[in-house]
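Protein chains: 2
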Amino acid sequence: MATLALATWATNLTFTNLTTPVIDAAVKSVYNWAGCAIGGFAQDAPQIALNTSVDLGFGGPPTSSILGLNGSTSAGLRLGYGSRNADGAFADAQLAAFVNGIASHVDDYDDTHLATVIHPTGVVASALLAIVEAESRNRTISGADFLTAFVAGVEAELKLGLSVYPEHYDVGWHITSTTGSIGAAVAVGKILGLDVDHLRHAIGIASTQVIGMQAFFGSMTKSFHIGRATQGGMLAALLARNGYTSSLTALEDQYGWLHVVSTRENASANFAELGKTWEIESNTFKPYPCGIVMHPIIDGCIQLRTQALSDGKDVNSVKSIDLRVNPEVLVLTGQTDPQTGLAGKFSIFHAAAVGLLYGEATPAQFTDQVVQNETVVSMRKLVNVTTDDSVSEDQAHVSIVFDDGSTLEKYVEHAIGSLENPLTVEELKTKFMDQVSRQIGSARAEKAYSAFTNIGNMTDVGKLRTLF
Amino acid sequence: MATLALATWATNLTFTNLTTPVIDAAVKSVYNWAGCAIGGFAQDAPQIALNTSVDLGFGGPPTSSILGLNGSTSAGLRLGYGSRNADGAFADAQLAAFVNGIASHVDDYDDTHLATVIHPTGVVASALLAIVEAESRNRTISGADFLTAFVAGVEAELKLGLSVYPEHYDVGWHITSTTGSIGAAVAVGKILGLDVDHLRHAIGIASTQVIGMQAFFGSMTKSFHIGRATQGGMLAALLARNGYTSSLTALEDQYGWLHVVSTRENASANFAELGKTWEIESNTFKPYPCGIVMHPIIDGCIQLRTQALSDGKDVNSVKSIDLRVNPEVLVLTGQTDPQTGLAGKFSIFHAAAVGLLYGEATPAQFTDQVVQNETVVSMRKLVNVTTDDSVSEDQAHVSIVFDDGSTLEKYVEHAIGSLENPLTVEELKTKFMDQVSRQIGSARAEKAYSAFTNIGNMTDVGKLRTLF
Chain F
39 MATLALATWA TNLTFTNLTT PVIDAAVKSV YNWAGCAIGG FAQDAPQIAL NTSVDLGFGG
99 PPTSSILGLN GSTSAGLRLG YGSRNADGAF ADAQLAAFVN GIASHVDDYD DTHLATVIHP
159 TGVVASALLA IVEAESRNRT ISGADFLTAF VAGVEAELKL GLSVYPEHYD VGWHITSTTG
219 SIGAAVAVGK ILGLDVDHLR HAIGIASTQV IGMQAFFGSM TKSFHIGRAT QGGMLAALLA
279 RNGYTSSLTA LEDQYGWLHV VSTRENASAN FAELGKTWEI ESNTFKPYPC GIVMHPIIDG
339 CIQLRTQALS DGKDVNSVKS IDLRVNPEVL VLTGQTDPQT GLAGKFSIFH AAAVGLLYGE
399 ATPAQFTDQV VQNETVVSMR KLVNVTTDDS VSEDQAHVSI VFDDGSTLEK YVEHAIGSLE
459 NPLTVEELKT KFMDQVSRQI GSARAEKAYS AFTNIGNMTD VGKLRTLF
Chain B
39 MATLALATWA TNLTFTNLTT PVIDAAVKSV YNWAGCAIGG FAQDAPQIAL NTSVDLGFGG
99 PPTSSILGLN GSTSAGLRLG YGSRNADGAF ADAQLAAFVN GIASHVDDYD DTHLATVIHP
159 TGVVASALLA IVEAESRNRT ISGADFLTAF VAGVEAELKL GLSVYPEHYD VGWHITSTTG
219 SIGAAVAVGK ILGLDVDHLR HAIGIASTQV IGMQAFFGSM TKSFHIGRAT QGGMLAALLA
279 RNGYTSSLTA LEDQYGWLHV VSTRENASAN FAELGKTWEI ESNTFKPYPC GIVMHPIIDG
339 CIQLRTQALS DGKDVNSVKS IDLRVNPEVL VLTGQTDPQT GLAGKFSIFH AAAVGLLYGE
399 ATPAQFTDQV VQNETVVSMR KLVNVTTDDS VSEDQAHVSI VFDDGSTLEK YVEHAIGSLE
459 NPLTVEELKT KFMDQVSRQI GSARAEKAYS AFTNIGNMTD VGKLRTLF
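Same order as they appear, the protein sequences are chains F and B.
If you count by the working numbering, then the first sequence holds residues 39 to 506, one letter each, in order.
If you count by the working numbering, then the second sequence holds residues 39 to 506, one letter each, in order.
Now the structure itself:
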């Protein structure tokens with residue numbers, strides 16, 4: 039009775055059940071998400087999604103924040119930003135959830151649970167903030183309640199992910215969104231105070247919306263997965279609250295989620311471990327805005343560039359770049375000739391080239407312009423990749439050969455941002471400030487940082503958006 | 039290049055390509071859908087969906103009809119029915135598409151393409167009418183253009199269904215909605231005038247939203263599948279029009295639709311036959327509002343009741359009812375003890391009981407009240423089912439034994455509503471009038487029948503809703 043077990047656990051979870059490391063991981067996850075959602079709004083994907091929706095639907099009570107929205111855009115003006123929404127809340131909950139979900143993932147800069155390759159926070163937090171802001175018209179919801187519901191949703195999607203990974207991922211599903219809609223339903227259902235049976239129905243309505251395949255990596259549709267799963271999970275909880283019926287055994291039914299979307303024989307959910315081991319403690323944060331399996335290569339190339347410069351060598355005199363990586367790296371990021379910034383985020387060739395040429399990999403290295411830059415294109419053509427099962431996904435071997443025949447080599451044992459080599463609190467702040475300042479200026483970015491890092495102590499999360 | 043082939047065919051299709059039988063089948067499909075959507079609105083599912091959405095999101099420009107909405111409901115009042123929407127258009131396109139999609143399927147009374155078990159019209163027509171009404175603010179769209187786009191969408195989903203049936207269905211997907219979002223995207227994309235590449239992106243965004251599993255049959259979530267797929271396909275076309283990018287090879291990509299959702303080895307799309315054979319010509323219409331595999335049993339039981347009565351026998355003196363059916367019948371409709379009207383639609387036991395007791399199977403026999411009625415419950419307990427591979431899905435053997443030991447038997451070779459035994463135009467009208475009169479009265483039902491049967495001749499389909 040997996041569905042019952044999950045609904046019962048989530049319904050009973052209280053803030054006092056959360057350990058200090060869990061709360062710490064949750065807060066980091068939330069502010070890393072907020073930075074991604076604000077900074078990512080600069081991309082086309084969330085803005086097209088917003089404009090499309092404002093034109094044709096999605097314009098209910100303007101209760102909820104679109105985090106990165108700048109009031110001077112045409113959609114912002116049509117939503118009445120700055121007039122009826124002076125407090126910064128300017129879209130209905132469905133639309134805010136959709137757009138924040140897209141924006142938080144579009145840069146491929148969000149968090150990663152490495153054991154499942156799920157990026158857990160985008161779907162859950164985007165749904166939760168939108169609904170908390172909408173609910174705050176009628177009641178106050180504390181930061182403790184917000185974090186409790188958030189952890190419930192994240193643990194739900196991650197335990198579910200563990201139940202079907204890697205088979206489910208290997209067949210081609212985008213596991214972040216396929217599990218995410220269920221996580222969002224659990225989180226929203228919990229904040230709405232659903233009882234166990236209503237939450238089971240919510241899980242059912244969420245689970246029958248299976249969003250996302252890997253064919254869309256490198257296009258705007260990748261982040262659409264997150265936006266749509268966010269919205270679908272939230273809608274599921276809202277419908278269930280109003281008595282919409284579903285299966286009470288949606289996850290374990292012969293024709294339900296576990297069996298239909300997983301190719302694992304006799305798949306069953308790992309819910310006995312809920313609340314005993316906390317998956318959120320294993321959440322990690324990306325230093326580079328691109329597919330995570332490219333990160334060790336970027337580390338290696340940046341280090342080799344530094345070494346080359348200190349040796350008095352010119353990286354423009356490199357004649358070949360040889361990478362040895364885990365086989366999955368080529369499966370996911372094998373695009374040899376990307377044409378857009380989004381496609382560049384899934385090209386190991388591009389990753390190596392910008393690491394060597396720029397010595398960094400920030401959003402600026404994944405624009406259409408840089409991806410199409412002639413020097414970058416030439417450098418990409420020098421990259422050769424071999425795969426090796428003995429190299430894990432957070433490891434890489436990089437060697438470069440210069441025109442004069444000299445070589446430099448680097449072995450990266452654990453990429454920056456991995457569990458063994460995590461971003462520090464200072465690095466997380468730098469990342470947040472970089473993303474958010476670009477979009478809303480550094481003064482507001484500082485306020486936003488304070489607001490999101492302090493979320494656990496708030497008495498009314500509905501007011502969060504007024505703080506920055 | 040399946041995605042390219044589909045997009046190219048759909049883009050090039052014109053009304054002059056449609057043969058008379060195709061147009062005839064399309065018009066029947068549309069008015070049968072309209073009857074279902076108006077009549078089905080009486081159910082809880084579409085009304086909860088509407089109320090939930092009005093409360094939290096979905097309230098953009100009120101351009102589009104919710105077909106069965108009665109202005110005196112609270113949601114109708116909140117949407118401003120009767121004041122700002124005196125012409126009968128009263129929700130934004132997203133919401134109208136969602137609710138009409140649910141309403142058109144909730145009674146399990148819609149159409150069926152028997153070769154794939156797809157109910158093809160609900161998703162495509164619900165999306166199309168909503169978007170045509172929204173577009174009609176700016177331009178007129180003729181009935182010929184409406185039907186051309188409709189046929190494009192229906193052929194897309196049905197050819198796709200043939201490409202993956204039965205494996206895709208057997209694993210547990212609800213094939214109507216999993217193919218339907220793609221059909222809706224094709225239809226809406228065509229009416230929006232997308233070029234081939236934009237339509238390929240639309241197909242991509244639609245195909246990554248895989249909605250619906252069989253675990254939810256017998257609950258409101260079954261019709262949610264249709265509403266959400268309707269909306270997802272429409273949103274896909276709207277996003278693509280605005281430049282949202284996706285995969286250009288979404289269907290055939292190694293990690294795209296055909297391979298991820300089908301367990302068929304080397305699945306490929308049957309698109310070479312597009313425009314050569316027309317699947318819509320094989321569309322059929324249901325005489326009974328329930329799972330189609332139960333229809334031959336209902337036929338048989340109704341006939342046996344008639345025979346019993348003419349023989350002077352009392353059906354209340356039946357002591358056992360023996361059914362011999364195709365094995366799939368028990369897989370899909372094996373609920374022995376349903377508790378709700380929606381669950382009764384998937385209980386072969388209930389179907390046999392009401393056929394014998396009432397001599398008919400209309401929406402009135404699938405209410406919660408009738409499903410829980412003691413006499414019906416007792417009769418259900420007398421039903422024994424055996425399965426037989428040699429009996430096809432539109433066939434059934436029924437035999438009843440009376441208390442006095444006498445028996446009656448019936449073999450149904452082709453159920454009413456099957457390809458070999460289709461509903462006549464008169465029967466379709468009777469069905470439409472029955473469904474629609476219950477919801478909006480017989481005078482408006484007559485006008486609605488005229489409006490929908492004449493849709494092919496309209497110069498401005500945006501005005502259709504003003505005709506009744």
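Note that CB positions come from ideal geometry on N, CA and C, so glycine has one too.
Just so you know, these numbers come straight off a predicted model, no measurement behind them.
Can you give me the C-alpha to C-alpha distance between residue i and residue j, rounded to a whole angstrom?
i              : j              : result
L94 (chain F)  : A275 (chain B) : Unreliable positioning characterises L94 (chain F) in this predicted model, as indicated by a pLDDT of 49, which lies under 50. A coordinate reading is not provided.
V363 (chain F) : Y203 (chain F) : 21 Å
D148 (chain B) : A75 (chain B)  : 9 Å
G372 (chain B) : G329 (chain B) : 11 Å
G479 (chain B) : I213 (chain F) : 49 Å
V463 (chain F) : F470 (chain F) : 10 Å
S428 (chain F) : H239 (chain F) : 44 Å
I438 (chain B) : H333 (chain B) : 17 Å
F490 (chain B) : G265 (chain F) : 36 Å
S284 (chain F) : M258 (chain B) : 6 Å
R476 (chain B) : R503 (chain B) : 18 Å
G443 (chain F) : E366 (chain F) : 31 Å
T186 (chain B) : E173 (chain B) : 16 Å
E398 (chain B) : I140 (chain B) : 25 Å
A381 (chain B) : I493 (chain F) : 45 Å
T378 (chain B) : E290 (chain F) : 22 Å
A483 (chain F) : G242 (chain F) : 39 Å
A253 (chain F) : W211 (chain F) : 9 Å
H151 (chain F) : E317 (chain F) : 8 Å
G271 (chain B) : P460 (chain F) : 40 Å
R177 (chain B) : S102 (chain B) : 15 Å
So if DSSP puts residue i in a beta bridge, which residue, or which two residues, is it bridged to?
i              : result
T425 (chain B) : B:V363
V436 (chain F) : F:L361, F:K448
A129 (chain F) : F:S102
V356 (chain F) : F:F440
N459 (chain F) : F:S456
S385 (chain F) : F:G372
L312 (chain B) : B:T315
I156 (chain F) : F:H151
On the DSSP letters alone, give me the boundaries of the alpha helix (DSSP H) that residue i sits inside.
i              : result
E173 (chain F) : 159–173
T246 (chain B) : Where T246 (chain B) is concerned, there is no enclosing alpha helix (DSSP H), given that its DSSP letter is neither H nor E.
F53 (chain B)  : Here F53 (chain B) belongs to no alpha helix (DSSP H), and DSSP marks it neither H nor E.
F323 (chain B) : Here F323 (chain B) belongs to no alpha helix (DSSP H); instead the beta strand (DSSP E) covers 321–323.
T150 (chain B) : Careful: T150 (chain B) lies outside any alpha helix (DSSP H), inside the beta strand (DSSP E) at 149–151.
W295 (chain F) : 295–299
Y487 (chain F) : 480–491
If you compare alpha carbons, which of the options is closest to residue i?
i              : options                        : result
S261 (chain B) : B:G242, B:S142, B:T497, B:N70  : B:S142
A134 (chain B) : B:L88, B:T154, B:L289          : B:L88
T344 (chain B) : B:V429, B:F128, B:G393, B:A253 : B:G393
L237 (chain B) : B:T216, B:G106, B:L277, B:G210 : B:L277
V234 (chain B) : B:T491, B:T424, B:T186, B:T41  : B:T41
V155 (chain F) : F:S201, F:L286, F:I340         : F:S201
I335 (chain B) : B:Y449, B:T445, B:D441, B:F309 : B:Y449
G191 (chain F) : F:T52, F:I220, F:R175          : F:I220
P325 (chain B) : B:K485, B:Y69, B:G455          : B:G455
P327 (chain F) : F:E317, F:F384, F:S102         : F:F384
L361 (chain B) : B:Q403, B:S300, B:A434, B:Q81  : B:A434
E303 (chain F) : F:H206, F:L166, F:L232         : F:H206
E193 (chain F) : F:S358, F:N176, F:A223, F:V209 : F:A223
Would you give the residue range spanned by the beta strand (DSSP E) that residue i belongs to?
i              : result
E28 (chain B)  : Residue numbering for chain B in the displayed model covers 39 to 506; residue 28 (chain B) lies beyond these limits and cannot be assessed.
F262 (chain B) : Where F262 (chain B) is concerned, there is no enclosing beta strand (DSSP E), although the alpha helix (DSSP H) it sits in stretches over 259–279.
| request: At 3 residues or longer, and completely inside the segment 183–237 of chain F: list those beta strand (DSSP E) runs for me, N to C. | output: Runs of the beta strand (DSSP E) inside the segment 183–237 of chain F: none found.
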